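Trainee:
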Amino acid sequence: MKQTITGIVTKAGVMAKTVTMTVEKRLVHPTLLKTFIRHKKYLVHDEKSTLAVGDRIVAEACRPLSARKRFTFARKTGSGDARRAKAEREMSAEDKEKIRIEQLVKNEVAKRGGFGNAVKQAKQADKAPVQSKAAMTARAETPKSSRA
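So for the sequence shown, our numbering puts the first residue at 2; every next one is plus one.
Here is the structure:
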């Protein structure tokens, strides 16, 4: 029987066919007898790239697939949607509004080509020649015939 681990997907969609899962381990201190939690991250091979952040999965050991990847996706035991829905229900109205505004800003920035594009436009605007107010008024007061 192969070794299996159960945890939550914490990173997905960054690496091709790979997700990062975090496994939570509860331990008891030998002298204090107090329980504490240890977390460990594992890279898991996801052949179909179907997993999303927040999904609860079971992974089983396999031959080394890369320098750090030693597990393959076995089955999904829970979805991250339920966790997100519960968190949203418990959220205050102010926090919901803040998240909604952040999402709108993020979408608007993505539409315009990201922050880098805004920086380029600002630099181009700075390069445009700007005349001083005195130069503009002096030019307006001089007759057209004397202008060069």
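Note that CB positions come from ideal geometry on N, CA and C, so glycine has one too. If you're wondering where the values come from, they're calculated on a predicted model, not measured in any experiment.
Does DSSP put Lys87 in a helix, a strand or coil?
Mentor: In the structure shown, Lys87 sits in a helix (DSSP, three-state: H, G or I).
Trainee: Would you kindly check if the distance between the Cβ of Thr21 and the Cβ of Leu52 is under 7 Å?
Mentor: No, these two residues do not count as a Cβ contact at 7 Å.
Trainee: Judging by CA-CA distance, which residue of Ile58, Lys107, Glu48, Thr36 is the nearest neighbour of Met16?
Mentor: Of the listed residues, the one whose Cα sits closest to Met16 is Glu48.
Trainee: In the DSSP assignment, what residue or residues form a beta bridge with Leu44?
Mentor: According to DSSP, Leu44 bridges with Thr21, Lys70.
Trainee: For Arg57, report the span of its beta strand (DSSP E) as first-last.
Mentor: Counting along the chain, the beta strand (DSSP E) containing Arg57 begins and ends at 57-62.
Trainee: Using beta-carbon positions only, say whether Thr5 and Val59 come within less than 7 Å of one another.
Mentor: Contact: yes.
Trainee: How should Thr19 be labelled, buried or exposed, when 16 other C-beta atoms within 10 angstroms of its C-beta is the threshold for buried?
Mentor: So Thr19 counts as buried.
Trainee: In the DSSP assignment, what are the bridge partners of Arg39?
Mentor: For Arg39, which the question treats as bridged, DSSP gives the partners Lys26.
Trainee: Quickly, what does DSSP pair Met16 with across the bridge? List them, please.
Mentor: In the DSSP output, where bridge partners are listed per residue, Met16 has Thr19.
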